[in-house]
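J.:
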Amino acid sequence: MRDSSSTTIVHSSIVSAFDERALELFRLLVEEYLQMGTPIGSRHIADRARVRVSSATVRNVMVDLEGKGLVSSPHTSAGKVPTNRGLRFFVDHLISLEPLNQSDDSRLKTSLQQGLSPNELVESASQLLAESSSLVGLVTTPRPEQTQLRQIHFLTLSGQRVLAVLVVNEREVQNRVVETERQYTDTELLQAANYINHEFGGHTLSEIRSKILESMREDQSKMNNLMQTALDVASKTFEQNDEEDHDYVVTGETNLVGLLSSSEEAQELLDALKSKSSIVHLLDQCITSDGVQLHIGGEPGFAPLDDYSLITAKYEIEGTFAGVVGIVGPTRMHYKMVIPLVDATARHLGNALEHSDS
1276 MRDSSSTTIV HSSIVSAFDE RALELFRLLV EEYLQMGTPI GSRHIADRAR
1326 VRVSSATVRN VMVDLEGKGL VSSPHTSAGK VPTNRGLRFF VDHLISLEPL
1376 NQSDDSRLKT SLQQGLSPNE LVESASQLLA ESSSLVGLVT TPRPEQTQLR
1426 QIHFLTLSGQ RVLAVLVVNE REVQNRVVET ERQYTDTELL QAANYINHEF
1476 GGHTLSEIRS KILESMREDQ SKMNNLMQTA LDVASKTFEQ NDEEDHDYVV
1526 TGETNLVGLL SSSEEAQELL DALKSKSSIV HLLDQCITSD GVQLHIGGEP
1576 GFAPLDDYSL ITAKYEIEGT FAGVVGIVGP TRMHYKMVIP LVDATARHLG
1626 NALEHSDS
């Protein structure tokens, strides 16, 4: 899970500041709040504590916890609720996590191994996350480093415009309109396609870009017309495409409607989830560490998520980072269920993509 040196120091000082009883009472308060969604009173905690304590003792402990910024009182006469800082402390130090239960794990594995294409697998993973958590599922598509070219065709359009039809990962087709250096005949484009298929077929798009750049640094006067044509068309076709690098699938947006306090709040979050640049910026912060990472209550520095949590995990293809899976929802969520779910989905999606027709 995500951590930083400053956060670790703060949490360590909090742990040392309280005895086991205080930490147990705080753990109970958070668990009851996550389940009930209302402020938790001292008597409620005292009645359910594993150790015998009075309501007065619980109140004194809560005062100390509030002084550390772990709990707050929504109303003067109400009980306590954990703050975002308190939720972070709970997840980092007090939560007891277990692997996803066998039946749910098997369902995930089966659902992600149905002979689907990579894009279909990503959509399925996002749907499974949303359905299993009743929150929002978010999955990025495999990066171009994992996209392999199988075949390419060129069709003349008008003037110097050419339609490049790429078959990638066996079952996917990508169409790209490119502007070439000059107008080419159908015969020239056919020969160029044959040359590219022979030289680059089976390579990933990132490998092809590297090979093209390498070729462009060579003395083009030594190239024949076919090679020059192929290089011109290929360089335009395989140019770096930011949109291609940062695609993602969001599922389950309607799950948030009943969980948010107002329609305006819901619309603000839905708009944020549709903002590609914002989501990409956020996910870029989720790829620096292994394992499941949590961003609670605005920790990512992304204003629309100030009142929400984002749980993410990287998925890999053949040991190489390929994308991110995640769940977005209110800070009051079932972390003990969501964290193993995200972890298992990342693992099974990566395995499924390794064995798909790619």
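Every position in the sequence shown, counted from 1, becomes a number in our numbering once 1275 is added.
All C-beta atoms, glycine included, are put in the ideal place defined by N, C-alpha and C.
On a predicted model such as this, the values are computed, not experimentally measured, just so you know.
1. Pair every Cβ in the region 1456–1464 with every Cβ in the region 1473–1486, then say whether three or more of these pairs are closer than 8 Å.
2. When DSSP builds the beta bridges, which residues end up paired with Glu-1447?
3. Measuring CB atoms only, is the region 1310–1323 touching the region 1350–1362, in the sense that at least three cross pairs come out at less than 8 Å?
4. Tell me whether the region 1393–1410 and the region 1524–1532 touch, counting them as touching only if at least three CB pairs, one residue from each stretch, are closer than 8 Å.
5. From Leu-1372 to Leu-1438, what does the alpha carbon distance come to, in whole angstroms?
6. Is there contact between the region 1597–1617 and the region 1364–1378, where contact requires at least three CB pairs shorter than 8 Å?
7. Here's the rule: buried if 16 or more other CB atoms are within 10 angstroms of the residue's CB, otherwise exposed. What is Ser-1423?
8. Give every residue of the same chain whose Cβ lies closer than 7 Å to the Cβ of Thr-1455, excluding the five residues on either side of it in the sequence, and list them in chain order.
9. State the start and end residues of the unbroken alpha helix (DSSP H) segment that holds Gly-1342.
10. Taking the alpha-carbon positions, what's the Ala-1240 to Gly-1604 distance?
11. What is the residue span of the alpha helix (DSSP H) that Phe-1364 lies within?
12. My parser needs the beta strand (DSSP E) runs of 3 or more residues fully inside the region 1388–1440; what are they?
13. Can you name the residues that DSSP bridges to Phe-1596?
14. Below 8 Å on the Cβ atoms is my guess for Leu-1345 versus Ser-1631; work out the distance and round it to an integer in Å.
15. Do you know whose CA, among His-1609, Thr-1595, Ala-1597 and His-1473, lies nearest Ile-1586's CA?
16. When you compare each of Ile-1602, His-1428, Asp-1546 and Ser-1553 to Ile-1571 by their alpha carbons, which one comes out closest?
17. Would Ala-1621 and Tyr-1590 be called neighbours here (beta carbons separated by less than 8 Å)?
18. Using a threshold of 8 Å, state whether the C-beta atoms of Arg-1425 and Ser-1392 are closer than that.
19. So, with DSSP's three-state summary, where would you put Gly-1604?
20. Take the Cβ of His-1623 as the centre, count every other Cβ of all protein chains shown within 10 Å, and call the residue buried at 16 or more, exposed below.
21. Is the distance from the Cβ of Leu-1309 to the Cβ of Ile-1320 below 8 Å?
22. Going by C-alpha to C-alpha distance, which of Gln-1389, Val-1305, Val-1366 and Leu-1441 sits closest to Ala-1627?
23. What do you reckon, are the CB atoms on Phe-1301 and Leu-1340 nearer than 8 Å?
24. Which same chain residues, not among the five before or five after Asp-1380, have their C-beta less than 6 Å away from its C-beta?
25. Quick one: using the 10 Å Cβ neighbour count with 16 as the cut-off for buried, is Val-1448 buried or exposed?
26. I need the DSSP call for Leu-1569, collapsed to helix, strand or coil.
T.: Quick look at the numbers:
1. no
2. Val-1443
3. Contact check between the region 1310–1323 and the region 1350–1362: three or more CB pairs, one atom from each, fall below 8 Å, which counts as touching.
4. Enough Cβ pairs lie closer than 8 Å, so yes.
5. Take the alpha-carbon of Leu-1372 and the one of Leu-1438: they are about 52 Å apart.
6. A contact exists between the region 1597–1617 and the region 1364–1378.
7. Note on identity: in this sequence residue 1423 is Gln, with Ser being the wrong assignment. Label assigned to Gln-1423: buried.
8. Gln-1435, Val-1437, Asp-1507, Val-1508 and Lys-1511
9. 1330–1342
10. As shown, the chain starts at 1276 and ends at 1633. That puts residue 1240 outside it, with no answer to give.
11. Judged by DSSP secondary structure, Phe-1364 falls within the alpha helix (DSSP H) whose first and last residues are 1359–1364.
12. 1411–1415 and 1424–1431
13. According to DSSP, Phe-1596 bridges with Glu-1591.
14. No, Leu-1345 and Ser-1631 are not in contact; Cβ-Cβ is about 45 Å, not under 8 Å.
15. His-1609
16. Ile-1602
17. yes
18. no
19. Of the three classes helix, strand and coil, the one that applies to Gly-1604 here is strand, per DSSP.
20. buried
21. no
22. Gln-1389
23. yes
24. Only Ala-1619 meet the Cβ criterion.
25. exposed
26. strand
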